[in-house]
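Take a look at the structure below.
There are 2 protein chains.
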Amino acid sequence: MTEFLGPGEPSPYLYDLVREYPSRAGKGVRPALLLATCQAFGRPSDEALGAAVALEMLHNAFLIHDDVEDQSALRRGNPTLHELHGIGLAVNAGDSLAHLAMQPLVGDRALSTRLKERLVAELLMVVRQTTEGQALDLGWRRDSVVDLDPAAYLTMAGKKTCWYSTVAPLRMGAIIGSSGTAQLHALSRFGFFLGVAFQIRDDLLDLKGGSGSGKEPFGDLREGKPTLMLIHLLATAAGDDRRWLVDYLHAAPSGSSSEGACRVHDLMVRYGSLTYARDFAAAMEVEAHRAFGKAFSTVGDSEHLGFLRGMIPYMLARQS
Amino acid sequence: MTEFLGPGEPSPYLYDLVREYPSRAGKGVRPALLLATCQAFGRPSDEALGAAVALEMLHNAFLIHDDVEDQSALRRGNPTLHELHGIGLAVNAGDSLAHLAMQPLVGDRALSTRLKERLVAELLMVVRQTTEGQALDLGWRRDSVVDLDPAAYLTMAGKKTCWYSTVAPLRMGAIIGSSGTAQLHALSRFGFFLGVAFQIRDDLLDLKGGSGSGKEPFGDLREGKPTLMLIHLLATAAGDDRRWLVDYLHAAPSGSSSEGACRVHDLMVRYGSLTYARDFAAAMEVEAHRAFGKAFSTVGDSEHLGFLRGMIPYMLARQS
Numbered sequence: 017m018t019e020f021l022g023p024g025e026p027s028p029y030l031y032d033l034v035r036e037y038p039s040r041a042g043k044g045v046r047p048a049l050l051l052a053t054c055q056a057f058g059r060p061s062d063e064a065l066g067a068a069v070a071l072e073m074l075h076n077a078f079l080i081h082d083d084v085e086d087q088s089a090l091r092r093g094n095p096t097l098h099e100l101h102g103i104g105l106a107v108n109a110g111d112s113l114a115h116l117a118m119q120p121l122v123g124d125r126a127l128s129t130r131l132k133e134r135l136v137a138e139l140l141m142v143v144r145q146t147t148e149g150q151a152l153d154l155g156w157r158r159d160s161v162v163d164l165d166p167a168a169y170l171t172m173a174g175k176k177t178c179w180y181s182t183v184a185p186l187r188m189g190a191i192i193g194s195s196g197t198a199q200l201h202a203l204s205r206f207g208f209f210l211g212v213a214f215q216i217r218d219d220l221l222d223l224k225g226g227s228g229s230g231k232e233p234f235g236d237l238r239e240g241k242p243t244l245m246l247i248h249l250l251a252t253a254a255g256d257d258r259r260w261l262v263d264y265l266h267a268a269p270s271g272s273s274s275e276g277a278c279r280v281h282d283l284m285v286r287y288g289s290l291t292y293a294r295d296f297a298a299a300m301e302v303e304a305h306r307a308f309g310k311a312f313s314t315v316g317d318s319e320h321l322g323f324l325r326g327m328i329p330y331m332l333a334r335q336s
Numbered sequence: 017m018t019e020f021l022g023p024g025e026p027s028p029y030l031y032d033l034v035r036e037y038p039s040r041a042g043k044g045v046r047p048a049l050l051l052a053t054c055q056a057f058g059r060p061s062d063e064a065l066g067a068a069v070a071l072e073m074l075h076n077a078f079l080i081h082d083d084v085e086d087q088s089a090l091r092r093g094n095p096t097l098h099e100l101h102g103i104g105l106a107v108n109a110g111d112s113l114a115h116l117a118m119q120p121l122v123g124d125r126a127l128s129t130r131l132k133e134r135l136v137a138e139l140l141m142v143v144r145q146t147t148e149g150q151a152l153d154l155g156w157r158r159d160s161v162v163d164l165d166p167a168a169y170l171t172m173a174g175k176k177t178c179w180y181s182t183v184a185p186l187r188m189g190a191i192i193g194s195s196g197t198a199q200l201h202a203l204s205r206f207g208f209f210l211g212v213a214f215q216i217r218d219d220l221l222d223l224k225g226g227s228g229s230g231k232e233p234f235g236d237l238r239e240g241k242p243t244l245m246l247i248h249l250l251a252t253a254a255g256d257d258r259r260w261l262v263d264y265l266h267a268a269p270s271g272s273s274s275e276g277a278c279r280v281h282d283l284m285v286r287y288g289s290l291t292y293a294r295d296f297a298a299a300m301e302v303e304a305h306r307a308f309g310k311a312f313s314t315v316g317d318s319e320h321l322g323f324l325r326g327m328i329p330y331m332l333a334r335q336s
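Chains as they are written, first to last, in my numbering: chain U, 17 to 336; chain E, 17 to 336.
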């Protein structure tokens, strides 16, 4: 990735910004999934390196714009890019990085033109799905939509999180590893269950706060983010509790306070929203294990398949 | 373009926004240049239609983010997208449109895979150049850089305006029209002179204000935009005039007022900055005419070539 984010001018107004998030330590879950899937389907990982780098760069570009759109203050334990450089330069750096992300793929010499065409189409689909999911998330918050159900949540999370975090890495890895012959539907299904479970755990983790997450404590509650816990709470809280909650969400994020966020959290504990979300994520994890078998039914056992199987507990048990 | 921006969900939070700017009347200068160049090089315009649509969509995506980055209030006579829907949804819609813009090109059946690869590389180069130019523009403003010279201005305008407005339409049209055999350097040169002259005239037009431009009166002066006139004024204004101007720019855009903008304008008149910029644009126009001959020296005369020649006075004399 460093190679594609190498020196360039203007450095202080653009490429230093473009390199900022990639230089902060991340877990690299997406490239790991992509490379291992390629290997599980029988091709060496270096053939998938361009695609893996492209997806990781696109991920970092999303983070820059997400932080602007969510008005987040912290990312990976440090101030967000727009906090450091202003909204204008941050948005521009995100645009730059999103398009630089295509470079490792379109310039890849390890892949045939036919495979590259398919992979570019996958990357464009990732952006389409992610922007649709982000639009739902932002739109619901802006309009303080308070009558969402779990199905709506799954649609949003599927688009906003699963496509670029799990579905696309699996699909792109399989396309390369199988030279375009793999059936992708079962892989998408596995990716969806894994991604949803991952997102719910991530949202639960945000409620624990602490310095481990690298974000503000209770950031999601202050932003009024439509998590599964919040959707559950809105559906189950009664009387004054629900009235107060609706008012709180109408005022968020500008009018939200730490006290308000704490009260939402207390309500979530009291109404069983956290337990509900934990159970929901556990059910998704069971489905992910089931879907895993089908997704990789055509490939033989290997250390790479073992690694992928191990990604399920790794991604869902993580503490930061 | 309408076909690629057709119905889709979520409509109120994404695709309605994506369609907003394209639905406002524009002049279509970029696709006109691209299609006519293709025809001048000998291929029918329908072969270049996908590329022309892609570039026009990318242009509209840039406008969305530009307006956020410049904190502009009006675009084509109506409120900007972020004024209508907030910064978050507007940034997200720009991301969506920028990637949808690749679709008419990568899905184009009129072009060979080899030509498509070259055209995708051209589009990615457009984004690279445009984000670099935008970074200079924004960075100079943020840091109130007051010692710029015309060479710095040409670098910035070349990247920010010329690449996507003139250089890329000419290059992409020629690539398609010549099936990849055209020499592109002379076309880039012509595009650069045409684009710079166009940008300077556009900046001069902004100072005339009025409802014709579809933007706020004196918007550039209030934003502290580094135009050729401002760079000239900073280099020539003396004593109290320059001290006041520097203070004004340090306060812009948040601290700028109509009175302040009027005073900058008066100074520009008094120090000959407007005349300087008009002369500069006229010189660029002369160079554009000269470069035009070389750029199209290998193609025979045709109505399309005549149309392209006519684009020089058309683009540079426009009143809105």
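Note that beta-carbon positions come from the ideal geometry of N, C-alpha and C, so glycine has one too.
- Note: E:P95 is bridge-paired with E:L90 in the DSSP secondary-structure output.
- Here U:G207 is not near U:T177, since their CB atoms are 8 angstroms or more apart.
- The beta carbon of E:L283 sits closer than 8 angstroms to those of L249, A253, D257, L261, S289, all from its chain and outside the five residues before and after it, given in chain order.
- E:V302 counts as exposed, since fewer than 16 other beta carbons sit within 10 angstroms of its beta carbon.
- Counted as a single uninterrupted DSSP element, the alpha helix (DSSP H) harbouring U:F206 occupies residues 201-224.
- Not a single C-beta of chain U is nearer than 8 angstroms to the C-beta of E:S195.
- The three-state secondary structure of U:Y287, taken from DSSP, is coil.
- The region 46-59 of chain U and the region 309-316 of chain U touch, with no fewer than 3 CB-CB distances between them shorter than 8 angstroms.
- Inclusion of E:A117 and E:L74 in the CB contact set at 8 angstroms is warranted, their separation being smaller than that value.
- Counting C-beta pairs closer than 8 angstroms gives three or more between the region 267-286 of chain E and the region 235-244 of chain E, which meets the contact rule.
- Flagged as an interface residue toward chain E: U:L152, by a C-beta distance shorter than 8 angstroms.
- Within the region 162-188 of chain U, no residue places its CB atom closer than 7 angstroms to a CB of chain E.
- The beta carbon of U:L135 does not come within 8 angstroms of any beta carbon belonging to chain E, so the residue lies off that interface.
- Proximity to U:P47 across U:L170, U:S181, U:A89 peaks at U:S181, based on C-alpha coordinates.
- Selection U:P26, U:N76, U:Y29 evaluated against U:A41 yields U:N76 as nearest (Cα-Cα).
- Under the criterion of beta carbons closer than 8 angstroms, U:L33 and U:G189 do not qualify as touching, at roughly 30 angstroms.
- Just so you know, the alpha carbons of U:A213 and U:L332 end up roughly 7 angstroms apart.
- With respect to E:V122, U:V84 sits apart: the two C-beta atoms are not nearer than 8 angstroms.
- Judged by DSSP in its simplified three-state form, U:K241 adopts coil rather than helix or strand.
- Secondary structure at E:T177: helix, using DSSP grouped into helix, strand and coil.
- Counting the other CB atoms within 10 Å of its CB gives E:Y31 a total of 16 or more, which places it among the buried residues.
- A check of alpha carbon separations from E:Q87 across E:D263, E:A251, E:H201, E:E99 identifies E:E99 as the nearest.
- Against chain U, the beta carbon of E:T96 has no neighbour under 9 angstroms; the closest one sits roughly 13 angstroms away.
- Between the alpha carbons of U:L140 and E:D111 lies a distance of about 11 angstroms.
- Taking the Cβ atoms as the reference, E:L97 lies roughly 5 angstroms from E:I80, within the contact range of under 8 angstroms.
- Bounds of the alpha helix (DSSP H) holding E:D263 are 255-267.
- In the three-state reduction of the DSSP assignment, U:P38 falls in the helix class, which pools H, G and I.
- With distances taken between CA atoms, U:P185 lies nearest to U:V45 out of U:P38, U:S27, U:V45, U:A168.
- Closest in alpha carbon position to U:L265, among U:A198, U:V162, U:R205, is U:V162.
- E:D263 has its alpha-carbon roughly 10 angstroms from the corresponding atom of E:S272.
- Rounded to the nearest whole angstrom, the C-alpha separation of E:A64 and E:G309 is 23 angstroms.
- Listed in chain order, the alpha helix (DSSP H) elements of length 4 or more contained wholly in the region 42-75 of chain U are 45-56.
- Closest in alpha carbon position to U:A109, among E:N94, E:F323, E:R144, E:E133, is E:R144.
- DSSP places E:V315 in no alpha helix (DSSP H); its state is neither H nor E.
- U:R187 sits buried, since 16 or more C-beta atoms from the chains shown fall within 10 Å of its C-beta.
- Annotation for U:D111: the continuous alpha helix (DSSP H) segment containing it runs 103-116.
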